Every structure is written in C-alpha cells, then in structure tokens.
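Just so we're aligned, residue 4 is where the sequence shown starts under our numbering, counting upward by one. Structure record follows, encoded as structure tokens.
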Amino acid sequence: MSNVPRRLFAGHQLRALRRRHALSQAEAAGRLGISTSYLSQIENGDRPLTELVLAALTRAFPQDWGTIGEDAGLAAAALTAATDSRIDGATEADPGLTRALRQQPQLAQRLVALHAAYMRVEAQVRVLDDRVDSGESASRQPWEAVRDWFHDAGNYIDAIDRGAEALAARFPADASPRRAIGERLQSRHRVQIESGDGGGRMRAFDPVRRTLRLDRTLPPESALFQLAHQLVRLELAEAIDATVTASGLADDAAHALLSVGLANYAAGALLMPYVLFRDAARAVRHDIDRLRQRFGTSFEQCCHRLSTLQRPGAEGVPVFFCRVDMAGNITKRHSATPLQFARFGGACPLWIVHEAVAIPDRILVQRAETPDGVRYVTMAKGLVKPSGSYTRSPRRYAVTLGCEDAHSADFVYADDLGPDGAATPIGSSCRICPRATCDQRAFPPAASRIEIDADARGVVPYRFR
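Here is the structure:
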C-alpha cells in the first residue's frame with residue numbers, strides 16, 4: 004500500500020471561506036503569509052494546499068479548518084500540538100515536521116491524543132495546587148461539580164444545542180422571539196403567562212395551574228430569557244434528563260443544578276441559534292452591542308453564548324469568558340483558549356476586568372500576556388442589574404470576553420490597541436502564577452520556597468524559587 008500522501012485540492016472551499024469573511028484575495032493572502040497569485044492558483048484548482056498553508060489556515064481561521072477536509076483537520080491539530088509554546092522546543096512548523104506528520108497519520112493521531120492528555124493533566128495539577136493552597140476540602144460541592152462538568156464538556160452540549168436550534172427553526176419568520184415563545188407556551192403546553200410582584204423570584208412556574216409568573220421589574224432581555232427557559236424545559240425535557248442521567252454526577256443536588264444549567268444553556272441556544280449566531284458574530288467581528296440588538300438578548304447572554312460555539316467542524320473563534328463580582332470572585336468561567344481561570348481565590352489584579360466592575364456601562368480593552376507567552380485581546384464591561392426596590396441592592400459585576408491576539412482581526416475590540424502594542428503581564432491567580440517580578444503579587448505561588456533579605460526590600464518583601 005502506497006504511503007504517498009493524497010494531494011488536497013480545496014480551492015472552492017477556500018474561496019467560499021474567504022467570501023464568508025468578506026476578504027479580498029490580497030487581504031486573505033496577507034493573513035496566510037502567501038502571495039496573492041499563489042492564493043489565486045489554489046482557488047482555481049491549479050495548486051494543492053500544502054501543509055504550511057494548512058497550518059496558516061488553522062491559525063488565521065480556526066473556526067473553519069474543519070470544513071477544509073478531515074486530513075487537513077488532523078494535520079492542523081497535530082501541528083498545533085507539536086508547536087505549543089508551553090512545551091519546550093520549536094514553536095514554528097518546518098517542512099520536516101509537517102512532512103513527518105503527513106506521512107505518518109498514526110503518529111499525528113497519537114501526538115494529538117498525547118497533547119490532549121497533557122492539557123488535562125496540566126489543568127488537574129493547576130486545580131490541585133489551587134485547592135490545596137486555598138485550604139478547600141477535597142470533596143466538591145454540588146455547584147462545583149456542575150461547573151466542572153460543563154468545563155469538561157467544553158461548554159458545548161450537542162444534543163441540547165441542536166434541539167434548541169431545531170425548535171427555533173419552527174417559529175414563524177415574521178414573529179418576534181417573545182411572541183413566538185409565548186404563543187407556543189400557550190398553544191402547545193397550555194401555559195398562561197402572568198406578570199406581577201415576583202417576591203424575589205424572577206420566574207415561578209406552577210405545573211398544576213399551568214401558570215408562569217414573571218417578575219414585572221425584569222428587564223426585557225431577562226424576561227425573554229426566562230420565557231425561553233420555561234419553554235425548553237418543557238420541549239427538551241427528554242434530552243435534558245438523558246444528559247443529566249449520563250453525567251456521572253452522584254449527588255441529587257448536583258443533578259438538579261445540572262438540569263437547571265442545561266435549561267439555561269438551551270434557552271441561550273434557542274434565542275441565539277448556533278449557525279445563525281456564529282455567522283452573525285463573524286459578520287460584525289464579535290461586536291457584542293450589535294449582536295444583542297439583533298437577537299434581543301443582553302450583553303452578558305451574548306458573551307456567554309460566544310463561549311459555547313464549539314460545535315465540531317463548525318467552531319467559532321475560540322474565546323474565553325468569565326463573570327467577576329465586586330469582591331473579585333469568578334462566578335462564571337469558560338475558556339476555549341489556553342487561558343484558564345483560578346477555581347479558588349481572586350483573579351489577577353492586573354486584569355482589566357477588575358477595573359470594569361467599578362465603571363459600569365463602559366467597555367474597557369486590554370492586550371494581556373500570560374506567563375506562557377500567549378497574548379490575548381480582552382474586552383471587559385461592568386454591568387448593573389436593578390433589583391426593582393430601594394430595599395434591595397442591585398447586582399454589580401463585570402463580564403469579560405477575549406481571544407488570542409492571533410485572532411484580533413476577527414475581534415472588533417482590538418482595533419484601538421494597534422497591531423504590536425505593549426501587553427500587560429497577567430496570570431490566573433497569585434497561587435499559581437510563576438512571575439517573580441510582579442509588583443501586584445499578593446502572596447507567593449504554591450509550593451515555592453521563600454527567600455528573605457533583611458538588608459534589602461523590594462515592592463514585594465520576599466523572593467521565591
């Protein structure tokens with residue numbers, strides 16, 4: 004059997020990809036680091052895609068590489084694993100490396116699997132260091148178990164997502180989401196919608212009387228989300244129950260929390276259907292304000308939905324998302340990038356999200372660099388959710404969304420930062436950050452040895468190794 008690799012001609016797919024992004028040949032060629040004439044020859048079917056061009060495609064259009072072909076996907080994933088900057092060695096693909104991966108597909112598959120295993124172990128060590136140093140119990144609370152379940156699932160639940168997308172497709176094209184959802188609740192499930200004093204509850208469903216009561220003080224986006232939540236709980240009950248049963252969580256409270264979390268996930272997927280939302284995000288370069296206006300959702304809901312666009316073969320731009328409260332606690336988190344958040348303790352004080360908490364309704368941007376040398380473009384916005392009463396304090400927090408600097412062309416918030424601006428050095432948490440020269444360090448990292456010089460004092464009163 005010949006081991007000569009099959010040459011991949013995918014000019015029509017590459018042309019379609021370029022047009023989806025509204026790029027000229029010159030602009031696309033610039034992103035790929037090739038000449039315009041070379042790109043034209045590929046698109047016209049005169050030349051095949053080489054391994055180096057495939058690697059460039061993966062870096063420039065990570066959400067689209069799965070559409071170029073299975074062989075390309077494996078090669079791209081193997082190249083990503085082989086050039087991971089967090090592992091000592093070469094970080095640039097060379098012809099010898101790409102040739103070896105092309106000629107030995109089993110080697111490429113093993114490399115991808117080993118890299119995935121390395122990533123899992125790294126995450127587990129980070130969690131263990133953070134947990135031990137914070138004094139947390141070895142047993143997880145139900146909400147921690149559910150949070151970890153979503154993280155391990157990549158924050159994408161295929162059966163739920165596709166079910167919600169199919170449900171959205173049944174709505175009349177000329178009806179607003181609120182009208183379509185309300186009519187379906189009433190006609191199909193005999194649920195009557197009421198509005199009034201919620202008594203501290205945003206939504207209350209009475210399955211006997213078939214009434215859904217919404218707090219009248221809810222903002223329109225929140226009220227719509229609660230309607231969507233109730234509809235998917237009824238329409239996708241079987242898929243939600245099956246997912247909970249297969250979750251492996253043993254605690255009844257964790258089962259109940261996961262069920263609610265899956266319904267919230269489905270509500271977001273119903274209001275922002277996967278393909279429609281992903282394509283709209285690309286078109287507006289992830290401008291959250293334009294997205295929320297189009298889909299009638301809130302700023303936070305749009306940010307959260309962007310972090311779930313991980314459908315195999317149709318991924319969105321890999322982003323991280325989290326929500327931070329006034330005390331610095333991370334109350335929501337997910338990352339499809341190498342950046343991972345601390346599970347316990349506060350986040351890095353140099354991260355712009357903390358400033359955003361104190362400045363509501365203003366978008367702040369930052370270019371940041373983590374200890375592994377990866378740069379990110381970060382957007383953060385402080386939000387205030389009114390309580391509806393003077394006697395109850397409003398909820399104040401900030402949400403942040405970001406992507407690797409390599410994808411800044413697809414991220415409108417990078418425009419004011421410039422192509423090669425300085426980056427703020429940040430970490431996940433002082434407990435696991437190795438930076439020895441940070442002026443904002445609160446305490447040394449776990450398992451480090453402290454050195455103190457009584458005759459000299461820096462900003463931080465110790466050194467460590």
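Note that beta-carbon positions come from the ideal geometry of N, C-alpha and C, so glycine has one too. Being a predicted model, the structure only gives us computed values, none of them experimental.
- Residue range T39 to E46 is occupied by the alpha helix (DSSP H) that includes Y41.
- Listed in chain order, the alpha helix (DSSP H) runs fully inside the region 356 to 443 are 356 to 360, counting runs of at least 4 residues.
- For A207, the uninterrupted beta strand (DSSP E) segment begins and ends at R206 to D209.
- For the pair S40 and R18, the Cα-to-Cα distance works out to about 14 Å.
- By the 16-neighbour rule on beta-carbons within 10 angstroms, D218 is buried.
- Assignment of beta strand (DSSP E) within the region 131 to 202, counting only whole runs of 3 or more residues, yields 195 to 199 in chain order.
- In the DSSP assignment, V278 falls outside any beta strand (DSSP E) and lies within the alpha helix (DSSP H) extending over Y277 to A286.
- Residues of the same chain with a CB within less than 8 Å of the CB of L114, apart from the 5 flanking positions on each side, are A81, A84, A85 and L104 in chain order.
- Three or more Cβ pairs closer than 8 Å define a contact, and the region 180 to 196 falls short of that threshold against the region 262 to 270.
- Per DSSP, the beta bridge partners of H337 are F324.
- Per DSSP, the beta bridge partners of T214 are Q195 and D209.
- A contact is defined here as three or more CB-CB pairs under 8 Å, and the region 394 to 408 meets this definition with respect to the region 296 to 309.
- For Y277, same chain residues with a beta-carbon under 8 Å away, outside a window of 5 residues either side, are D164, R165, E168, L312, R314 and A317 in chain order.
- Distances from the alpha-carbon of P222 to those of V235, R206 and R212 put R206 closest.
- Our two residues, V149 and L60, have alpha carbons roughly 35 Å apart in a direct line.
- Using a Cβ-Cβ distance cut-off of 8 Å, the region 350 to 370 and the region 418 to 428 are in contact, since at least three pairs of beta carbons, one from each stretch, lie closer than that value.
- When DSSP states are grouped into helix, strand and coil, E318 belongs to the coil group.
- In the three-state DSSP reduction, F446 falls in the coil class, being neither helix nor strand.
- Straight-line spacing of the CA atoms in H118 and I90 works out to 10 Å.
- In this structure, V322 sits near T340, with a CB-CB distance shorter than 8 Å.
- The straight-line gap separating the alpha-carbon atoms of K384 and S451 is approximately 35 Å.
- By a beta-carbon distance limit of 8 Å, R34 contacts A412. Their separation comes to about 7 Å.
- Here G376 is not near P180, since their CB atoms are 8 Å or more apart.
- Ranked by Cα distance from I355, the first of A445, I429, H258 and R438 is I429.
- Here D456 has R466 as same chain residues with Cβ atoms under 8 Å from its own Cβ, once five neighbours each way along the sequence are excluded.
- Under the three-state reduction of DSSP output, R466 falls in the strand class.
- L279 has its alpha-carbon roughly 27 Å from the corresponding atom of R365.
- Secondary structure note for H258: its alpha helix (DSSP H) is the uninterrupted segment D255 to L274.
- Just measuring C-alpha positions, the residue of D282, F446 and A242 sitting nearest P352 is F446.
- In the DSSP annotation of this structure, the continuous segment of the alpha helix (DSSP H) that includes I243 starts and ends at A240 to T248.
- The alpha carbon of C441 has as its nearest neighbour, out of V462, R398, S262 and R297, the alpha carbon of V462.
- Three or more Cβ pairs drawn from the region 235 to 250 and the region 259 to 268 lie within less than 8 Å of each other, which places the two stretches in contact.
- Per DSSP, the unbroken alpha helix (DSSP H) holding D292 starts and ends at I291 to F298.
- For F64, no alpha helix (DSSP H) run applies, since DSSP gives it neither H nor E.
- A straight-line Cα-Cα distance of about 10 Å links S198 and A226.
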